[in-house]
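Start counting the sequence shown at 2; every next residue gets the next number (the working numbering).
So the structure is just underneath, and the comments pick up after that.
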Amino acid sequence: MTRPAWQDVPRSNLDRFEEIARAEAPELAHTILFQIRREYPYLHLVEDESGEPLALVGIRRAIEGFVSNLTAGAHPRVPPEMFQEFGRGEGLEGRSLDALQAIYRLGVRLTWRRLAEIGQQADIPAPAMYELAESGFEYLDGLVEQSVRGYAEAAARRASERLRLQRQLIELLLMEHRGDVSMTLAERAARIGWELPETIAVGVLMRPAREAVAPAVGQGVLLEMESEQPRMVIPDPETAGRAETLRRATAGWSGAIGPPVPLAAAATSLRWAETAVQLIKKGLLPRGEVLYCTERTEELLLLPAEDLIDAAARRCLAPLDGLSATQSRRLAETLLAWIETPGGAPEVAARLGVHPQTARYRLRQIRELWGDAIDEADQRFEMLLVLRALRLRGDLAPAQD
Numbered sequence: 002m003t004r005p006a007w008q009d010v011p012r013s014n015l016d017r018f019e020e021i022a023r024a025e026a027p028e029l030a031h032t033i034l035f036q037i038r039r040e041y042p043y044l045h046l047v048e049d050e051s052g053e054p055l056a057l058v059g060i061r062r063a064i065e066g067f068v069s070n071l072t073a074g075a076h077p078r079v080p081p082e083m084f085q086e087f088g089r090g091e092g093l094e095g096r097s098l099d100a101l102q103a104i105y106r107l108g109v110r111l112t113w114r115r116l117a118e119i120g121q122q123a124d125i126p127a128p129a130m131y132e133l134a135e136s137g138f139e140y141l142d143g144l145v146e147q148s149v150r151g152y153a154e155a156a157a158r159r160a161s162e163r164l165r166l167q168r169q170l171i172e173l174l175l176m177e178h179r180g181d182v183s184m185t186l187a188e189r190a191a192r193i194g195w196e197l198p199e200t201i202a203v204g205v206l207m208r209p210a211r212e213a214v215a216p217a218v219g220q221g222v223l224l225e226m227e228s229e230q231p232r233m234v235i236p237d238p239e240t241a242g243r244a245e246t247l248r249r250a251t252a253g254w255s256g257a258i259g260p261p262v263p264l265a266a267a268a269t270s271l272r273w274a275e276t277a278v279q280l281i282k283k284g285l286l287p288r289g290e291v292l293y294c295t296e297r298t299e300e301l302l303l304l305p306a307e308d309l310i311d312a313a314a315r316r317c318l319a320p321l322d323g324l325s326a327t328q329s330r331r332l333a334e335t336l337l338a339w340i341e342t343p344g345g346a347p348e349v350a351a352r353l354g355v356h357p358q359t360a361r362y363r364l365r366q367i368r369e370l371w372g373d374a375i376d377e378a379d380q381r382f383e384m385l386l387v388l389r390a391l392r393l394r395g396d397l398a399p400a401q402d
C-alpha cells in the first residue's frame, strides 16, 4: 500500500517531524504508562535487569519504530519479540487478551494525539496526517497480532504443563497405596486446581478410532488420553446428573466405569473397569457404550472365573454326561429355570416358553438324574452360579420374561 501524501511532504518537514517525535518518545512513553496504571491499577508490571518496567521499554520502542518507518516511507513494523512477550505473559497468567488489547488502544490513542500536535509543529499537511492515523490503526493490529501469537504459545505451553501434572496426579491416584499419601495427593491436586473428593470412580475407555477426539467429559473429571486405553477419574461419581453428563460425553465410545470407592481405593475401581473392558473385547459385554460395573455385577463376578466355572460345571452337571448335546442343553436350561422360578411346572414352562407337560417331563428327568441332591441348598446355589455363567457366555438360551 503506497502513501502518496507522505511522499509529497518535503524531506525537511519529515526530518523535523521525526526529530521532535523521537525526542519526546521517552516522555510520551512515561505519560502513556502513567495513564495505563491509573486506568488498570491491578496490572502487574515486569521489570528488566535495570529495574525499568518492560512495558515502558516496549512503549518507547513502539513509538520510535513507528515514527522511523513512517518517515522512511515504509510500513510501520511492530517489534515482534517485545509484544509477543506481553501476550505470552497474559497466557502464562491464565488471563484473557481483552485487557491487553484495551491497553494497546489506549496507547495508540494517546500517541496519535501527540503526533497530531507534532505534525502541526512540523507543517505536515492534513492528508499526510490522515495517513498517519490510518497507519496507527494498522500498527495497532500488528501489536495485537504479535501478542496473540505469544499468547497462543503460552496457552499451549500452559495446557501441556497442566496435562503433564494431571497425568502425574492420575498415576499417583491409581497406585496401590500402602501408606498415607493424602498430603502428596493434595499437593499434586492443588497444582492443577483439582479439589480432592471423598469418593471417585475410575473409567477405562476403548478408542472408537485411532485419531478419536477426546470426549468432553467436563470440568472436574480427570482424563488421560496418552494410554492405549484412555482413563478417567470421576470425582463424587454419584452426584446427581453426573452419569447422564458422562453418557452424553462418551457417546460412540466403548468402555467401563468402575464402582465408586474411597479416594485411597482408586486402584480397586480401576481393576473392575479393566476387567469389564476385557469382557467387552471378548464379546461377553456389549460395545458401543460406556458401562457401569455396578450395573453388571453378575457378569463381572461370573465371567472372569471361566476356569473355575468350567471345573464346577463338570462336577455339578456330571449327571448330564450320558445325554446328547441337545438333551443336555434342554435339561440344563430347565434346571436353571426351576432354580430361578418359585413354583412348579407351569411357572417353569412359562419361563422357558414350552408346554407345561413338557416342563413336567423334563423336571421328572432332572429328579431321576440328581436324586435328593437336587434339594440341597448349597448344591442348588452352586448350580445356579454355574448355569448363569453358562447362560451369560451364550451356552444356554436366555431366560424369557
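Just so you know, even glycine gets a beta-carbon here, dropped at the ideal spot from N, CA and C.
Small disclaimer: the values here were computed from a predicted structure and weren't measured.
- Taking C-beta atoms as the reference points, W254 and P305 fail to come closer than 9 Å.
- Taking 3 residues as the minimum length, the beta strand (DSSP E) runs contained wholly in the region 188-275 are 200-207, 223-225, 232-236 and 255-258, in order along the chain.
- Residue environment analysis places V205 among the buried positions, since at least 16 neighbouring C-beta atoms fall within 10 angstroms of its C-beta.
- For V291, the secondary structure class from DSSP, reduced to helix, strand or coil, is strand.
- Taking each of P198, Y362 and V10 in turn and checking the Cα distance to T72, the smallest one comes out for V10.
- Y43 places its beta carbon 9 Å or farther from that of I104.
- Take P128, set aside five residues on each side of it, and the residues of its chain with a beta-carbon closer than 7 Å to its own are A6, in chain order.
- Between the region 17-26 and the region 60-70 there are three or more C-beta pairs closer than 8 Å, enough to call the two in contact.
- The alpha-carbon separation between R192 and L166 amounts to approximately 7 Å.
- Counting along the chain, L164 sits inside the alpha helix (DSSP H) bounded by residues A127 to L174.
- In the three-state reduction of the DSSP assignment, P54 falls in the strand class, which pools E and B.
- In chain order, G151, Y152, E154 and A155 place their CB closer than 7 Å to the CB of R89, counting only its own chain and leaving out the 5 sequence neighbours on each side.
- When E369, A351, P198 and L336 are compared, the shortest CA-CA separation from T240 is found for P198.
- Here DSSP, grouped into helix, strand and coil, assigns G344 to coil.
- Burial check for Q328: the Cβ neighbour count within 10 Å stays below 16, so the residue is exposed.
- Taken through DSSP and simplified to helix, strand or coil, Y105 comes out as helix.
- Only residues of its own chain outside the window of five on either side were considered, and among them I258 have a CB closer than 7 Å to the CB of Y293, listed in chain order.
- By the criterion of a C-beta distance shorter than 8 Å, I37 is surrounded in its chain by L44, A56, I104, L107 and G108, once the five residues flanking it on both sides are discounted.
- If you compare the alpha carbons of P236, A215 and I235 with that of S228, the shortest gap goes to A215.
- For S13, the enclosing alpha helix (DSSP H) has its first and last residue at R12 to E40.
- The alpha carbon of G221 has as its nearest neighbour, out of A213, V203 and M207, the alpha carbon of V203.
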